[in-house]
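In order, the protein sequences belong to chains B and V.
The opening position of the first sequence corresponds to residue 1 in my numbering, with each subsequent residue numbered one higher.
The opening position of the second sequence corresponds to residue 1001 in my numbering, with each subsequent residue numbered one higher.
First the structure, in the form of structure tokens, and then the observations on it.
Protein chains: 2
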Amino acid sequence: MPTLEKATEAQTAYRRIREAILEGTLLPRQRLVEKELSERFSLGRAAIRTALARLEQEGLVESAPYRGAWVRAISLEEALEVLEARMALESLAARHAALRATPEGVARLQAILREMEAKKAEGDLLGMSELNALLHRTIVELSGHKTAARLIEALRAQGVRHQYRTVLVPGRPDRSLEEHRRIVEAIAKGDGEAAAQAMAEHLKGVMEALKRAGEGR
Amino acid sequence: MPTLEKATEAQTAYRRIREAILEGTLLPRQRLVEKELSERFSLGRAAIRTALARLEQEGLVESAPYRGAWVRAISLEEALEVLEARMALESLAARHAALRATPEGVARLQAILREMEAKKAEGDLLGMSELNALLHRTIVELSGHKTAARLIEALRAQGVRHQYRTVLVPGRPDRSLEEHRRIVEAIAKGDGEAAAQAMAEHLKGVMEALKRAGEGR
DNA sequence: CAGGGCAATATTGTTGACAAAATAAGCGAC
DNA sequence: GTCGCTTATTTTGTCAACAATATTGCCCTG
Chain B
1 MPTLEKATEA QTAYRRIREA ILEGTLLPRQ RLVEKELSER FSLGRAAIRT
51 ALARLEQEGL VESAPYRGAW VRAISLEEAL EVLEARMALE SLAARHAALR
101 ATPEGVARLQ AILREMEAKK AEGDLLGMSE LNALLHRTIV ELSGHKTAAR
151 LIEALRAQGV RHQYRTVLVP GRPDRSLEEH RRIVEAIAKG DGEAAAQAMA
201 EHLKGVMEAL KRAGEGR
Chain V
1001 MPTLEKATEA QTAYRRIREA ILEGTLLPRQ RLVEKELSER FSLGRAAIRT
1051 ALARLEQEGL VESAPYRGAW VRAISLEEAL EVLEARMALE SLAARHAALR
1101 ATPEGVARLQ AILREMEAKK AEGDLLGMSE LNALLHRTIV ELSGHKTAAR
1151 LIEALRAQGV RHQYRTVLVP GRPDRSLEEH RRIVEAIAKG DGEAAAQAMA
1201 EHLKGVMEAL KRAGEGR
């Protein structure tokens, strides 16, 4: 999977289909017909095939024998499960980040935080939620915990279609920003326990917001 | 993947290769040549190929373009990471199990516990560690948390080659049994927090034992 | 016109052959 | 004997054809 040299077709297929699912070009429940994808991306059917197997293992796709594959649709309940699992793993990552982070790493986190504040001032909600994701990814990266990182990345991908909604919950951006501040602060202090706790609180907040947003429609 | 009707070749390939890795027929670092596996299992190369892609996504196999696949070897450090991630996720599962478990479920756990005590009395260490795994799996099942269940299953598979060693650490079986008792007790009482805590303590204990066993050789 | 079976179509699963790349073997120079 | 190069061999990646299964549309019966 480490692939900077010369991407094999299956690898690019994996990346492109994954992107398409994450950005919403391919919608939940949508059928993923091998021939169609093959033509759309100008890749062989075999490549598409193994990419789909990977994506299924990752939880982004479902399939049944002789009936093809489709984008996995995640119910509200499942989205909450995913967030709960993320809570467990990202708390772990935050703890490690607090214990390992270098001054440069902390500076990166603080810079992202400042940008988030700026976006919020502009009322750019989409920009905020992108920076949100970036902050989380950076914390995981600083943690150096590769095992957690892999799992978290898969979970985040599964949740994207639900999560963007939480930003629309009244008062959520403010609270979210405050929660992120506490996380970064704890990491800056090197206080692992506080960082883990703050991360858990934050994701609990996201879960609450999602419940409210989910009921709302 | 739900497949009781008529397994496709890729599915059986996935299962059989996975089993072979878990039971040690295929050893860490061992090359997984497609043609060989194809002949050994009497399955098409395409099936082997997609199975390997799945197993790589799961973390049991590694591969590089045009250089094939091999059984992923997990270092001591990585094994500890895996246990840490399991700690996070299985604590979550234990909490849910405590809140959801029916009397029947609790009875199942207690029965497993009694069998473990029996095996210990016989000095059957291998039997103990199998029951150990069964107890953990049962707790996860009772939790009803499918998301956590999938991740935990993958993590457990990654760790098997290391974990069997911990049973050999002096005094470990006794302590382990006591830790398991506390977990089951908390679940029986319906005390989610205590169950999560007990599970975390238990896996911390496993990590300690593994560190000691790892240094020992 | 509703429902049930039957043929036509679409799609996936499987097989084999070929191309591309990496690995191993052989050879020569020093 | 060893290093470096060139040439086989092995192995993976890709492609196209065929088989197996599911799905759809159609006709027929009542």
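Glycine included, each C-beta is placed from N, C-alpha and C at the ideal position.
None of the values given here were measured: they were computed from a predicted structure.
According to DSSP, residues forming a beta bridge with residue i
i: arginine 1175 (chain V); result: Answer is none; arginine 1175 (chain V) lacks a bridge partner.
i: arginine 31 (chain B); result: B:Trp70
Other residues of its chain near residue i: CB distance less than 7 Å, five sequence neighbours each side excluded
i: glutamine 158 (chain B); result: Gly59, Leu60, Ile74 and Val82
i: arginine 172 (chain B); result: Thr166 and Ala209
i: glycine 44 (chain B); result: Glu9 and Ser38
i: threonine 1003 (chain V); result: Legend: pLDDT at threonine 1003 (chain V) = 34, less than 50; position of this residue unreliable, value from coordinates given subsequently. Excluding residues within five positions, the ones whose Cβ falls inside 7 Å are Gln1011.
i: glutamine 1181 (chain V); result: According to the sequence provided, residue 1181 (chain V) is arginine. The question's glutamine does not apply to it. Contacts found: Leu1113.
i: alanine 20 (chain B); result: Leu26
i: threonine 1138 (chain V); result: Arg1108, Leu1109 and Ile1112
i: tyrosine 1164 (chain V); result: Ser1129
Option nearest residue i by Cα separation, candidates the options
i: glycine 1123 (chain V); options: V:Glu1009, V:Asp1174, V:Glu1193 and V:Lys1006; result: V:Asp1174
i: glycine 1214 (chain V); options: V:Leu1168, V:Lys1189, V:Tyr1066 and V:Ala1188; result: V:Leu1168
i: glycine 1192 (chain V); options: V:Ala1093, V:Leu1151 and V:Asn1132; result: V:Ala1093
i: glutamate 84 (chain B); options: V:Glu1078, V:Ser1091 and V:Glu1084; result: V:Ser1091
i: lysine 35 (chain B); options: B:Ala47, B:Glu185 and B:Ala88; result: B:Ala47
i: glutamine 197 (chain B); options: B:Leu89, B:Glu104 and B:Ala154; result: B:Leu89
i: alanine 1064 (chain V); options: B:Ile21, B:Leu80 and B:Ala10; result: B:Ala10
i: arginine 1067 (chain V); options: V:Thr1102, V:Gln1030 and V:Leu1109; result: V:Gln1030
i: leucine 1131 (chain V); options: V:Glu1141, V:Leu1109 and V:Ile1152; result: V:Leu1109
i: glutamate 1179 (chain V); options: V:Glu1201, V:Ala1069, V:Thr1138 and V:Gly1024; result: V:Glu1201
i: valine 33 (chain B); options: B:Trp70, B:Glu23, B:Leu22 and B:Leu155; result: B:Trp70
i: methionine 1207 (chain V); options: V:Met1087, V:Thr1102, V:Ser1129 and V:Arg1072; result: V:Met1087
Counted within 10 angstroms of its Cβ, other Cβ atoms place residue i as buried (16 or more) or exposed
i: serine 42 (chain B); result: exposed
i: alanine 7 (chain B); result: exposed
i: threonine 147 (chain B); result: buried
i: threonine 997 (chain V); result: As displayed, chain V neither begins before 1001 nor continues past 1217, which places residue 997 (chain V) out of reach and without an answer.
i: glutamine 57 (chain B); result: buried
i: alanine 154 (chain B); result: buried
i: leucine 1052 (chain V); result: buried
i: leucine 1076 (chain V); result: exposed
Contact set for residue i: own chain, Cβ-Cβ below 6 Å, skip 5 residues either direction
i: threonine 1012 (chain V); result: none
i: serine 1143 (chain V); result: Ala1093, His1096 and Ala1097
i: arginine 1054 (chain V); result: Tyr1014
i: alanine 1194 (chain V); result: Ala1186
i: leucine 1078 (chain V); result: First, the residue type needs correcting, since residue 1078 (chain V) is glutamate and not leucine in the sequence shown. Closer than 6 Å at Cβ, skipping near neighbours: no residue.
i: methionine 1001 (chain V); result: Residue placement at methionine 1001 (chain V) is flagged as unreliable, the pLDDT there being 38, under the threshold of 50; the coordinate-derived value follows with that caveat. Same-chain partners within the cutoff: there are none.
i: valine 1140 (chain V); result: Ala1093, Ala1149 and Ile1152
i: arginine 1212 (chain V); result: Val1169
i: glutamate 300 (chain B); result: Residue 300 (chain B) is absent from the model: chain B starts at 1 and stops at 217.
Residues of its chain near residue i, where Cβ-Cβ distance is below 8 Å and the 5 sequence neighbours each way are ignored
i: valine 106 (chain B); result: Val184, Ile187 and Ala188
i: leucine 134 (chain B); result: Ile112
i: glutamate 1117 (chain V); result: Leu1177
i: glycine 1127 (chain V); result: Lys1119
i: leucine 1099 (chain V); result: Gly1190 and Gly1192
i: glycine 24 (chain B); result: Arg161
Quick check for students: name the residue ranges of the alpha helix (DSSP H) that lie wholly in the region 44 to 114 of chain B, counting only runs of 4 or more. 45 to 58 and 76 to 100
Can you list the alpha helix (DSSP H) stretches of 4 or more residues lying completely in the region 1108 to 1174 of chain V, in chain order? 1125 to 1143 and 1146 to 1163
Restricting to runs no shorter than 3 residues, where is the beta strand (DSSP E) found entirely within the region 180 to 205 of chain B? You should have found no qualifying run.
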